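Protein chains in written order, with my numbering: chain B, 565 to 695; chain Y, 4 to 306.
C-beta: ideal position from N, C-alpha, C; glycine also.
Computed from a prediction, not measured in an experiment: that's the story for all the values here.
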């Protein structure tokens, strides 16, 4: 059975791009448009990998990422962050949140700055899910 | 009947704010001046830019200009990413809305979807048509929003002077349910407020009586009522002073804000219908539109 990759992004163009890369490499895409929907699909569908945007309406990628990393059940779910936000800023945000009393969470498995080339995304996916 | 501030009120916090910008009216320095709300539990900032439909509408022979929509959205997105990086590094959560449509309905929709606690907007110049027929987008937003609306205005031209709208607000009281709710709102912001000046403007019609003593009695009674509000604020650890003014409400509120060196004017929103407001005027809307000071309008309790 094909492994499942959950794509969480509010931008329909980006979702479409990610879905095509995921399908082209033999994986099954699942799609959510914000963090809340994403968390629900994590629970319902148990994906093998998450492609996560950061800036989204409702619940942002940061909240979802931290919820996963602080959850006993999902803390090991591999996450590729795909965002226009610089990796440096993302990592500093995690540090700042920890300073404000939040949990210290490890960095994502991979961080890719948008826009990404299909080969770059495919290579990142393969590095995590490839046999 | 004069209501007291002990009426039950809906709890209000500022955990999430929606910052609506056209960029020419509000920039990051305005948002930065609000970041001390972090001390009052602000955790999440949502940016919003609405591309007005006429900017991408169909032109004869060209159809809907999709590429223009993409260009305008990405232009806004680039700015928001830069702002978001700054906020992320301070440990805030950030969201973004880039939409095409009419500003007011889109903003109201986003306020509801995000369950925002505070809506921040800039003040755009009004055209003659809008002045005559129903007011600007700001007026419309204040009428329709179910959450407090901060109409941001810069008090200084110097970008190096960090403004703090919540530092020293002037609370204009009229004992309406919304203004009592404003009292409750401010009591929850003790960590960011240094002092509240509570003011009441008596109209000429209140100066009844044929002797000076009779008129002074009115002042004394209003002052006593204002002092009760000050007591409530001081019980929440906020320094408060009461002031009674007499004359035209809008002019006197503006004067009070100047005399108190206020950082912002706070008012409860009017309970008049839009139709009545259009003909008789509304103090909160006039102050929001015309005052030099940032203006925070608190709506009445939804319940």
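> Who are the near neighbours of residue 601 (chain B) in its chain, counting only those whose CB is closer than 8 Å to its CB and skipping five residues on each side?
Replying inline: Within the first chain, numbered from 1, the residue matching residue 601 (chain B) stands at position 37. Same-chain partners within the cutoff: 572.
> Can you give the Cα-Cα distance for residue 206 (chain Y) and residue 180 (chain Y), rounded to whole angstroms?
Replying inline: Position 203 of the second chain, counted from the first residue, corresponds to residue 206 (chain Y). Position 177 of the second chain, counted from the first residue, corresponds to residue 180 (chain Y). For residue 206 (chain Y) and residue 180 (chain Y), the distance between alpha carbons rounds to 19 Å.
>> Here's the rule: buried if 16 or more other CB atoms are within 10 angstroms of the residue's CB, otherwise exposed. What is residue 210 (chain Y)?
In response: Reading the second chain from its first residue, position 207 is the one you call residue 210 (chain Y). Exposed is the call here.
> DSSP puts residue 571 (chain B) in a beta bridge; with which residues?
Replying inline: Stepping through the first chain from its first residue, residue 571 (chain B) is reached at position 7. DSSP output for residue 571 (chain B) lists B:595 and B:615 as bridge partner(s).
> Could you check where the alpha helix (DSSP H) with residue 653 (chain B) kicks off and where it finishes?
Replying inline: For this step, residue 653 (chain B) is matched to residue 89 along the first chain. Unbroken alpha helix (DSSP H) run through residue 653 (chain B): 651-663.
> In whole angstroms, what is the alpha-carbon distance linking residue 689 (chain B) and residue 682 (chain B)?
Replying inline: For the purposes of this step, residue 689 (chain B) is taken as residue 125 along the first chain, with counting starting at 1. For the purposes of this step, residue 682 (chain B) is taken as residue 118 along the first chain, with counting starting at 1. Looking at the two C-alpha atoms, the distance is approximately 11 Å.
>> In the DSSP output, which residue or residues are listed as bridge partners for residue 245 (chain Y)?
In response: Within the second chain, numbered from 1, the residue matching residue 245 (chain Y) stands at position 242. Residue 245 (chain Y) pairs with Y:201.
>> Just to make sure I have the definition right: I need the residues of chain Y whose C-beta is within less than 7 Å of the C-beta of residue 581 (chain B). Which are they?
In response: Locating residue 581 (chain B) in the first chain gives position 17, where the first residue counts as 1. Per Cβ cutoff of 7 Å: no residues; residue 581 (chain B) is ~14 Å from chain Y at best.
>> Which residue wins for smallest C-alpha separation from residue 261 (chain Y), given the options Y:172, Y:108 and Y:88?
In response: By one-based count along the second chain, residue 261 (chain Y) stands at place 258. Nearest option by C-alpha distance: Y:172.
> To the nearest angstrom, how far is it from the Cα of residue 92 (chain Y) to the Cα of residue 694 (chain B)?
Replying inline: Translated into the one-based positions of the second chain, residue 92 (chain Y) becomes position 89. Translated into the one-based positions of the first chain, residue 694 (chain B) becomes position 130. About 33 Å.
> In angstroms, rounded to a whole number, what distance separates the CA positions of residue 79 (chain Y) and residue 654 (chain B)?
Replying inline: Locating residue 79 (chain Y) in the second chain gives position 76, counting from the first residue. Locating residue 654 (chain B) in the first chain gives position 90, counting from the first residue. Residue 79 (chain Y) and residue 654 (chain B): Cα-Cα distance of roughly 20 Å.
> Hey, does residue 157 (chain Y) have any beta-carbon neighbour from chain B nearer than 9 Å?
Replying inline: One-based indexing of the second chain puts residue 157 (chain Y) at position 154. It does not; no Cβ of chain B falls within 9 Å.
> Where does residue 634 (chain B) sit, in a helix, a strand or coil, going by DSSP?
Replying inline: Position 70 of the first chain, counted from the start, is the residue given in the question as residue 634 (chain B). Residue 634 (chain B) falls in the coil class under three-state DSSP.
> How far does the beta strand (DSSP E) with residue 73 (chain Y) in it reach, from first residue to last?
Replying inline: By 1-based counting over the second chain, the position of residue 73 (chain Y) is 70. Careful: residue 73 (chain Y) lies outside any beta strand (DSSP E), inside the alpha helix (DSSP H) at 69-92.
> In the DSSP assignment, what are the bridge partners of residue 47 (chain Y)?
Replying inline: Position 44 of the second chain, counted from the start, is the residue given in the question as residue 47 (chain Y). According to DSSP, residue 47 (chain Y) bridges with Y:19 and Y:96.
>> So the candidates are Y:270, Y:158 and Y:295; which of them puts its Cα closest to the Cα of residue 285 (chain Y)?
In response: Along the second chain, one-based indexing puts residue 285 (chain Y) at 282. Among Y:270, Y:158 and Y:295, the Cα nearest to that of residue 285 (chain Y) belongs to Y:270.
> If you draw a straight line from the C-alpha of residue 589 (chain B) to the C-alpha of residue 569 (chain B), how long is it?
Replying inline: By one-based count along the first chain, residue 589 (chain B) stands at place 25. By one-based count along the first chain, residue 569 (chain B) stands at place 5. Taking the straight line joining both Cα atoms gives about 11 Å.
> Where does residue 227 (chain Y) land, buried or exposed, given buried means 16+ other C-beta within 10 angstroms?
Replying inline: One-based indexing of the second chain puts residue 227 (chain Y) at position 224. Under this definition residue 227 (chain Y) is an exposed residue.
> DSSP puts residue 55 (chain Y) in a beta bridge; with which residues?
Replying inline: Your numbering for residue 55 (chain Y) matches position 52 in the second chain. Answer is Y:104.
> From what residue to what residue does the alpha helix (DSSP H) around residue 286 (chain Y) run?
Replying inline: Numbered from its first residue, the second chain carries residue 286 (chain Y) at position 283. Its alpha helix (DSSP H) spans residues 286-293.
> With 16 as the cutoff for other CB atoms within 10 Å, does residue 81 (chain Y) come out buried or exposed?
Replying inline: On the second chain, position 78 is the one that residue 81 (chain Y) refers to. Exposed is the call here.
> Can you pull the DSSP bridge partners for residue 311 (chain Y)?
Replying inline: Since the displayed chain Y opens at 4 and closes at 306, residue 311 (chain Y) lies outside it and no answer follows.
>> Output needed for residue 197 (chain Y): all residues of its chain with C-beta closer than 6 Å, excluding positions within five of it in sequence on either side, in chain order.
In response: One-based indexing of the second chain puts residue 197 (chain Y) at position 194. The beta carbon of residue 197 (chain Y) lies closer than 6 Å to those of 170 and 171 in the same chain, with the five residues before and after it left out.
> In angstroms, rounded to a whole number, what distance separates the CA positions of residue 295 (chain Y) and residue 159 (chain Y)?
Replying inline: Here residue 295 (chain Y) refers to the residue found at position 292 of the second chain. Here residue 159 (chain Y) refers to the residue found at position 156 of the second chain. So the alpha carbons of these two residues sit roughly 10 Å apart.
> Using a C-beta to C-beta distance shorter than 9 Å, which residues of chain Y count as neighbours of residue 686 (chain B)?
Replying inline: Along the first chain, read from residue 1 onward, the residue named residue 686 (chain B) stands at position 122. Near residue 686 (chain B) there are no residues of chain Y at all, since even the closest Cβ is about 24 Å away, more than 9 Å.
> Could one say the Cβ of residue 653 (chain B) lies closer than 9 Å to chain Y's Cβ atoms, at least one of them?
Replying inline: Taking the first residue of the first chain as 1, we reach residue 653 (chain B) at position 89. Chain Y contact via Cβ: present.
>> Starting from residue 318 (chain Y), trace the beta strand (DSSP E) in both directions and tell me its first and last residue.
In response: Past the edges of chain Y, shown from 4 to 306, lies residue 318 (chain Y), and the structure says nothing about it.
> Using the C-alpha atoms, what's the distance from residue 28 (chain Y) back to residue 649 (chain B)?
Replying inline: Translated into the one-based positions of the first chain, residue 649 (chain B) becomes position 85. Translated into the one-based positions of the second chain, residue 28 (chain Y) becomes position 25. Approximately 24 Å, taken between the alpha carbons.
> Hey, how far is the Cα of residue 692 (chain B) from the Cα of residue 188 (chain Y)?
Replying inline: One-based indexing of the first chain puts residue 692 (chain B) at position 128. One-based indexing of the second chain puts residue 188 (chain Y) at position 185. Straight-line Cα distance between these residues: approximately 50 Å.
>> Counting only Cβ-Cβ distances shorter than 8 Å, please list the residues of the stretch 637-651 of chain B near chain Y, keeping chain order.
In response: 648, 649 and 650
> Which residues in chain Y sit within 9 Å of residue 670 (chain B), going by Cβ to Cβ distance?
Replying inline: Taking the first residue of the first chain as 1, we reach residue 670 (chain B) at position 106. Result: empty, since nearest Cβ-Cβ is about 17 Å, beyond 9 Å.
> How many Å lie between residue 297 (chain Y) and residue 221 (chain Y) at the Cα?
Replying inline: Against the second chain, residue 297 (chain Y) aligns to sequence position 294. Against the second chain, residue 221 (chain Y) aligns to sequence position 218. Each residue's Cα considered, the two are about 30 Å apart.
> residue 259 (chain Y) to residue 642 (chain B), Cα distance in whole Å?
Replying inline: In the second chain, counting from the first residue as 1, residue 259 (chain Y) sits at position 256. In the first chain, counting from the first residue as 1, residue 642 (chain B) sits at position 78. C-alpha separation (whole angstroms): 58 Å.
>> Distance check for residue 616 (chain B) and residue 637 (chain B), CA to CA, integer angstroms please.
In response: Locating residue 637 (chain B) in the first chain gives position 73, where the first residue counts as 1. Locating residue 616 (chain B) in the first chain gives position 52, where the first residue counts as 1. Roughly 18 Å between the two C-alpha positions.
> At least one CB of chain Y closer than 9 Å to the CB of residue 524 (chain B): is that the case?
Replying inline: Outside the modelled stretch of chain B, which goes from 565 to 695, sits residue 524 (chain B), for which no answer is possible.
>> Please return the same chain residues whose Cβ sits closer than 7 Å to the Cβ of residue 148 (chain Y), not counting the five positions on each side in sequence.
In response: Along the second chain, one-based indexing puts residue 148 (chain Y) at 145. These residues qualify, in order along the chain: 111, 114, 122 and 302.
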